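Novice: One structure, pasted below without further comment.
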Amino acid sequence: MVTTSKPEYKVIGTRPVRPDGVDKVTGRAQYGADIKQQGALAGRVLRSPHAHANLKKIDASKALALDGVKAVVTARDIVGPDGDLSKLPDPAANILAGTKVLYRGHAVAAVAAINDHVAQEALKLIEVEYEVLPAVLDVREAMRPDAPILHEALRTRAPTGPSEGPSNVVAQTVSAFGDIEAGFAECDVIVEREFSTKMVHQGYIEPQAATAHWNSDDQLTIWTCTQGSFPARESVSQILGHPISKIKVIPTEIGGGFGGKISVYLEPVAALLSRATGKPVSMRMDRTDVFEGTGPTPGTNIRIKLGATKDGKLRAAYGDMAYENGAYPGSAAMYATMVVTAAYQIEHVKFDGFDVVVNKPRTQDYRAPSAPAAAFAMEQLIDEIADQLKIDPLKFRLMNSAAEGSRGPMGMPFKRIGHEECVEAALNSPHYNTPLEGPNRGRGVASGFWFNVGLRSSVNVSVQPDGTVNLNEGNTDIGGTRASLAMQLAETLGITFEDVKATVVDTDSVGVNDVTAGSRVTFASGMAVHEAGKNLIAALKERLAPTWQTTPDEVQFEAGVFKNADGSKTMTFKEAAVATVGRGVGLTVSGSVNAGFLAGGGFAHHIVDVEVDPDTGKTTILRYTAIQDAGTAVHPAYVEGQMQGGAVQGIGWALNEEYYYDDTGRMANSSFLDYRIPTSLDVPMIETIIVEVPNPLHPFGVRGVGEPGIVPPLAAIANAVARATGVRQTQLPMSPRRILETTRGIA
Amino acid sequence: MTGRTYVSARINGEQRDFLVEPRQSLLETLRDELGMTGAKEGCNNGNCGACNVIVNGSLVNACCVLGVECNGAEIVTIEGVADGETLHPLQTSFLENAALQCGICTPGFIVAAKALLDKEPDADEARIRHWLAGNLCRCTGYDKIVRAVLDAADDMRRAPAKA
Numbered sequence: 000m001v002t003t004s005k006p007e008y009k010v011i012g013t014r015p016v017r018p019d020g021v022d023k024v025t026g027r028a029q030y031g032a033d034i035k036q037q038g039a040l041a042g043r044v045l046r047s048p049h050a051h052a053n054l055k056k057i058d059a060s061k062a063l064a065l066d067g068v069k070a071v072v073t074a075r076d077i078v079g080p081d082g083d084l085s086k087l088p089d090p091a092a093n094i095l096a097g098t099k100v101l102y103r104g105h106a107v108a109a110v111a112a113i114n115d116h117v118a119q120e121a122l123k124l125i126e127v128e129y130e131v132l133p134a135v136l137d138v139r140e141a142m143r144p145d146a147p148i149l150h151e152a153l154r155t156r157a158p159t160g161p162s163e164g165p166s167n168v169v170a171q172t173v174s175a176f177g178d179i180e181a182g183f184a185e186c187d188v189i190v191e192r193e194f195s196t197k198m199v200h201q202g203y204i205e206p207q208a209a210t211a212h213w214n215s216d217d218q219l220t221i222w223t224c225t226q227g228s229f230p231a232r233e234s235v236s237q238i239l240g241h242p243i244s245k246i247k248v249i250p251t252e253i254g255g256g257f258g259g260k261i262s263v264y265l266e267p268v269a270a271l272l273s274r275a276t277g278k279p280v281s282m283r284m285d286r287t288d289v290f291e292g293t294g295p296t297p298g299t300n301i302r303i304k305l306g307a308t309k310d311g312k313l314r315a316a317y318g319d320m321a322y323e324n325g326a327y328p329g330s331a332a333m334y335a336t337m338v339v340t341a342a343y344q345i346e347h348v349k350f351d352g353f354d355v356v357v358n359k360p361r362t363q364d365y366r367a368p369s370a371p372a373a374a375f376a377m378e379q380l381i382d383e384i385a386d387q388l389k390i391d392p393l394k395f396r397l398m399n400s401a402a403e404g405s406r407g408p409m410g411m412p413f414k415r416i417g418h419e420e421c422v423e424a425a426l427n428s429p430h431y432n433t434p435l436e437g438p439n440r441g442r443g444v445a446s447g448f449w450f451n452v453g454l455r456s457s458v459n460v461s462v463q464p465d466g467t468v469n470l471n472e473g474n475t476d477i478g479g480t481r482a483s484l485a486m487q488l489a490e491t492l493g494i495t496f497e498d499v500k501a502t503v504v505d506t507d508s509v510g511v512n513d514v515t516a517g518s519r520v521t522f523a524s525g526m527a528v529h530e531a532g533k534n535l536i537a538a539l540k541e542r543l544a545p546t547w548q549t550t551p552d553e554v555q556f557e558a559g560v561f562k563n564a565d566g567s568k569t570m571t572f573k574e575a576a577v578a579t580v581g582r583g584v585g586l587t588v589s590g591s592v593n594a595g596f597l598a599g600g601g602f603a604h605h606i607v608d609v610e611v612d613p614d615t616g617k618t619t620i621l622r623y624t625a626i627q628d629a630g631t632a633v634h635p636a637y638v639e640g641q642m643q644g645g646a647v648q649g650i651g652w653a654l655n656e657e658y659y660y661d662d663t664g665r666m667a668n669s670s671f672l673d674y675r676i677p678t679s680l681d682v683p684m685i686e687t688i689i690v691e692v693p694n695p696l697h698p699f700g701v702r703g704v705g706e707p708g709i710v711p712p713l714a715a716i717a718n719a720v721a722r723a724t725g726v727r728q729t730q731l732p733m734s735p736r737r738i739l740e741t742t743r744g745i746a
Numbered sequence: 000m001t002g003r004t005y006v007s008a009r010i011n012g013e014q015r016d017f018l019v020e021p022r023q024s025l026l027e028t029l030r031d032e033l034g035m036t037g038a039k040e041g042c043n044n045g046n047c048g049a050c051n052v053i054v055n056g057s058l059v060n061a062c063c064v065l066g067v068e069c070n071g072a073e074i075v076t077i078e079g080v081a082d083g084e085t086l087h088p089l090q091t092s093f094l095e096n097a098a099l100q101c102g103i104c105t106p107g108f109i110v111a112a113k114a115l116l117d118k119e120p121d122a123d124e125a126r127i128r129h130w131l132a133g134n135l136c137r138c139t140g141y142d143k144i145v146r147a148v149l150d151a152a153d154d155m156r157r158a159p160a161k162a
């Protein structure tokens, strides 16, 4: 279902088969672990069994003596023989520890051998001497003055200045508008609760994998399944002190990322092993490596107080939001303080954010990073106030909705946004208008917001002699962006989708591109594609003008057709291309944009029906509807796919998923058997409603759609469970055990 | 562990003879010894289904079978699902239903769905969801995958398989 009117497009809005599709259904597509280089060695990483320890000594002599082992590297190979390991910068120390390990799974050494089995045998022969330290695993405990300190040099950044001594609190940030005390004084209803969520993993099915070849001329080539070949190049350059001009990153197909494949892990290590051996080195993680050694998303503790007047206007909100950064500093809490109230107009707000290091893996982005946990808290309090005021929860959200011109999350007014339209679509949806009947059942709703980012994109477009065009882009295609970019180019040029061939190219072959993340590729690379398309049209006008005895500015281009001033001469794009390139000389143009940091903002709204089994505590999803503003849905099937995928990831986060730690900081469930992501049996069909409120920042009105859809589910399901059981859920996951504990006191 | 064993199997209809170490799984054998990288490693312990292949008519996780166990076996992998350049109805249906995003789980899903529909051409949504519960997908939320399998089953019933 698509709402609101939009311009008539020929290609945008259709559902063609993606250009990379056949390779992906036949097994031909090459992912990270599929890269085979002649003479390649296999590399594996040795990881810390301790959550917190001083790293005293690494002795690899026995490993090096094993037949088939070619090299062992440690952080010593990064800093050099005379370097100071204690001064290793964080990004380098996270991929090979210097003087301290900060989480179980922290890499301490790596080996290259003739095959993967020998490499794994060699890991067991590396002797590491640890001095085990007390670990701190909980975000609030880590904030206490007597907590074990991870980084002696870390001082809290706070509005009042840096802390005097070392602390685990990276930063205290404040997002405040209005007068919070005056705001609460106006309120007739105030609700206040504390919420907590656990660390969860993105759960991409493809483990990290990378191959590196450090050639004898110091040219370093890296094949990797990354969300950003250019940022990966930059990171490897910084970690190894090797110039970017001597690094080429070739992105392979990528088997999911969701934010977890932005950082490098294996790439610089494989490069070191290749430098040491003179051969290409292929590395891949196993699933336990992925859980323990890459970056999940933070666990949180969030306290929010929210107030409204009796006529249903939200007036004041206060919050204290503590986010785990894992082992190294991050900024999730800062973002949380900005997004938490973004869907609503609340005059008086103050949110304190605390970014905190703990002895767990360094956290990374996971789809709308920080926002789902914030919404889990906020959207439940919204529901509680609506209930107390006896106002329908959707109508209450509509009464307080953010809109064009209202204050946005960073203080600047929103441009045209679609939150109201999403909530209205929910109100009018078949789902919301079908009564939910039966015992132990409940319906929940929730809204979600994510900034969406713009950043830098570059593409090259070359015209082929037959009038088709090749589109070379630099962003990994993680869910159909070859298609969505080719469609935007076809629309710009007035040609068919089939006449555009889209290819993802390496870092040597196109201008700089930022990450495939932030819901930015279809938006920002789409702008680059549009730019390139306009440049191509201008170039063809230059070529046509002399043959038509006119000037380029007299040549018009409309609906895919060039024509001269009086319309006596016309040529389609393809005819013009054949005439000037097929029978002339080659033509390549580029399009490069910096689409800015903010990309207009995206909103989603979800409705869910659940049934909670009072005997087992199991929550079953009966029906689910995801609604989202896509601005303009370029390829509606892939927009739906983002919405459905986000919803189901959110269902897993809400009901099952958590990093389950013992007291020593050992993750007890580091496999897909025990860290249970949803299966096809756990979920129903996910109904979708695409709302289209064109984004004024984009030539076709596109908004990124990758992230907002994971923001509402945790809260929507919690709201549904509260209606089904009469008990408010303040902790995730809402596992059967948690439900029994909270509803029946069964521990 | 370096002694290698001679194994002879029919893979996608072709006789293949190869040497494997006793510790090499069928997945490693396919990927590292035979150059068939269509089966993917997602977990290497039987939890994700990305390495699904059909051995002697049964759906298996190739990571949980040893290469040496496959002497004399009949094996179908994702590389053998299409008939030459003609895609299998499941492959066509996955493309038309946009049933893949990143695509890493797709070979496993298609092989698993083929194993189901070969034996149960009338499988309904509930049966398909139950059968595919051994295959993890993190991108799609399963909706379009289940629809793709239902559509393919419909197509196959109308135009029975060539072979």
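Taken in sequence, the protein lines are chains L and A.
Numbering of the first sequence is given in numbering that gives the first Met the number 0, commencing with residue 0 and proceeding in unit increments.
Numbering of the second sequence is given in numbering that gives the first Met the number 0, commencing with residue 0 and proceeding in unit increments.
C-beta: ideal position from N, C-alpha, C; glycine also.
Quick caveat: nothing in here was measured; it's all calculated off a predicted structure.
Measure the C-alpha to C-alpha separation of Gly-202 (chain L) and Arg-286 (chain L) and round it to an integer number of angstroms.
Specialist: 10 Å
Novice: Looking at the structure shown, is Asn-534 (chain L) part of a helix, part of a strand, or coil, going by DSSP?
Specialist: helix
Novice: Decide if the region 516 to 533 of chain L is in contact with the region 467 to 484 of chain L; the criterion is three or more beta carbon pairs, one per stretch, under 8 Å apart.
Specialist: yes
Novice: Quick one: which residues of the region 17 to 28 of chain L get their C-beta closer than 9 Å to a C-beta of chain A? List them in chain order.
Specialist: For the region 17 to 28 of chain L, the set of positions with a beta-carbon nearer than 9 Å to some beta-carbon of chain A reads Arg-17, Asp-19, Gly-20, Val-21, Asp-22, Lys-23, Val-24, Thr-25, Gly-26, Arg-27, Ala-28 in chain order.
Novice: For Phe-596 (chain L), does the count of other Cβ atoms within 10 angstroms reach 16, so buried, or fall short, so exposed?
Specialist: The residue in question, Phe-596 (chain L), is exposed, as its Cβ has fewer than 16 Cβ neighbours within 10 Å.
Novice: According to DSSP, is Gln-171 (chain L) helix, strand or coil?
Specialist: strand
Novice: Please confirm if the region 99 to 112 of chain L is in contact with the region 49 to 59 of chain L, defined as three or more CB-CB distances below 8 Å between the two stretches.
Specialist: yes
Novice: State the CB to CB distance for the pair Gly-601 (chain L) and Val-704 (chain L), rounded to an integer number of angstroms; the pair is presumed to be in contact (CB under 8 Å).
Specialist: 7 Å
Novice: Helix, strand or coil for Pro-161 (chain L), going by three-state DSSP, please let me know.
Specialist: Pro-161 (chain L): coil per DSSP, three-state reduction.
Novice: Measure the C-alpha to C-alpha separation of Met-0 (chain L) and Ile-688 (chain L) and round it to an integer number of angstroms.
Specialist: Note that Met-0 (chain L) scores a pLDDT of 47, beneath 50, so its modelled location is shaky; the value from the coordinates is reported in the next line. In a straight line, the C-alpha of Met-0 (chain L) is about 5 Å away from that of Ile-688 (chain L).
Novice: Spell out the partners DSSP gives Leu-65 (chain A) in its beta bridges.
Specialist: In DSSP, Leu-65 (chain A) forms a bridge with A:Ser-24.
Novice: Is it right to say Gln-207 (chain L) is buried, meaning 16 or more other beta carbons lie within 10 angstroms of its own, or is it exposed?
Specialist: Under this definition Gln-207 (chain L) is a buried residue.
Novice: So Val-145 (chain A) contacts chain L; which residues on that side make the cut at Cβ distance below 9 Å?
Specialist: Under the 9 Å cutoff, chain L gives Ser-679, Met-684.
Novice: Using the three-state DSSP reduction, which class does Ala-106 (chain L) fall into: helix, strand or coil?
Specialist: Ala-106 (chain L) falls in the strand class under three-state DSSP.
Novice: Can a CB atom of chain A be found closer than 8 Å to the CB of Gly-255 (chain L)?
Specialist: yes
Novice: Chain L partners of Asn-43 (chain A), CB-CB under 8 Å?
Specialist: Asp-285, Arg-286
Novice: Can you say whether Ile-103 (chain A) is buried or exposed, counting buried as having 16 or more other CB atoms within 10 angstroms of its CB?
Specialist: buried
Novice: Taking the alpha carbon of Leu-731 (chain L) as the point to measure from, which residue in L:Thr-742, L:Arg-722, L:Ala-723, L:Ala-717 has its own alpha carbon closest?
Specialist: L:Ala-717
Novice: Candidates A:Ser-92, A:Lys-143, A:Leu-131: which alpha carbon is nearest Asn-60 (chain A)'s?
Specialist: A:Leu-131
Novice: With C-beta atoms as the reference, is Ile-806 (chain L) less than 8 Å away from Gln-648 (chain L)?
Specialist: Since the first residue of chain L shown is 0 and the last is 746, residue 806 (chain L) is not available in this structure.
Novice: Comparing the C-beta of Ile-113 (chain L) with each C-beta of chain A, is any distance below 8 Å?
Specialist: no
Novice: Quick one, are the C-beta atoms of Gly-42 (chain L) and Met-284 (chain L) less than 8 Å apart?
Specialist: It is not a contact, given that the beta carbons lie outside the stated cut-off.
Novice: Which of helix, strand or coil does DSSP assign to Ala-162 (chain A)?
Specialist: At Ala-162 (chain A), the pLDDT of 41 sits below 50, so the modelled position is not reliable; the number obtained from the coordinates is stated separately. Looking at Ala-162 (chain A) - three-state DSSP - the assignment turns out to be coil, as it is neither helix nor strand.
Novice: Applying the criterion that 16 or more other CB atoms from any shown protein chain within 10 Å of the CB defines a buried residue, is Asp-608 (chain L) buried or exposed?
Specialist: buried
Novice: For a contact meaning CB atoms closer than 9 Å, what does Leu-672 (chain L) contact in chain A?
Specialist: Cys-42, Asn-44, Gly-45, Asn-46
Novice: Which same chain residues end up closer than 6 Å to Tyr-365 (chain L) when comparing Cβ atoms and leaving out the 5 residues on each side of it in sequence?
Specialist: Within the same chain, Gln-201, Phe-257, Gly-258, Thr-296 come within 6 Å of Tyr-365 (chain L) by CB-CB distance, once the 5 residues on both sides are set aside.
Novice: Alpha carbons only, please: which of L:Ala-485, L:Ala-74, L:Gly-590, L:Pro-161 is nearest the one belonging to Gly-510 (chain L)?
Specialist: L:Gly-590
Novice: What does a CB cutoff of less than 8 Å around Ile-261 (chain L) pick up in its chain, not counting 5 residues either side in sequence?
Specialist: Thr-225, Gln-226, Gly-227, Pro-230, Gln-363, Asp-364, Val-514, Ala-516, listed in sequence order.
Novice: Taking buried to mean at least 16 other C-beta atoms within 10 Å of its own C-beta, is Glu-13 (chain A) buried or exposed?
Specialist: exposed
Novice: Within a Cβ cutoff of 7 Å, which residues of the same chain sit near Leu-122 (chain L), ignoring the five residues on either side of it in sequence?
Specialist: Sequence-distant partners of Leu-122 (chain L) (beyond 5 residues in either direction) whose C-beta falls short of 7 Å from its own C-beta, in its chain, are Arg-43, Leu-45, Val-110.
Novice: Quick one, which residues of the region 202 to 219 of chain L are near chain B if we go by CB-CB under 8 Å, in chain order?
Specialist: You won't find chain B in this structure, because its protein chains are L and A.
Novice: Round the Cβ separation of Ile-303 (chain L) and Ala-316 (chain L) to the nearest angstrom and send it over; I've been treating them as touching at under 8 Å.
Specialist: Distance from Ile-303 (chain L) to Ala-316 (chain L) at the Cβ level is roughly 7 Å; contact confirmed, criterion being Cβ atoms closer than 8 Å.
Novice: For the region 169 to 177 of chain L against the region 346 to 354 of chain L, are there 3 or more C-beta pairs whose distance is under 8 Å?
Specialist: yes
Novice: Against chain A, with Cβ distances strictly below 8 Å, would Tyr-658 (chain L) count as a contact?
Specialist: no
Novice: Are the Cβ atoms of Ser-273 (chain L) and Trp-213 (chain L) separated by less than 8 Å?
Specialist: yes
Novice: Beta-carbon of Asp-33 (chain L) versus every beta-carbon of chain A: anything under 8 Å?
Specialist: yes
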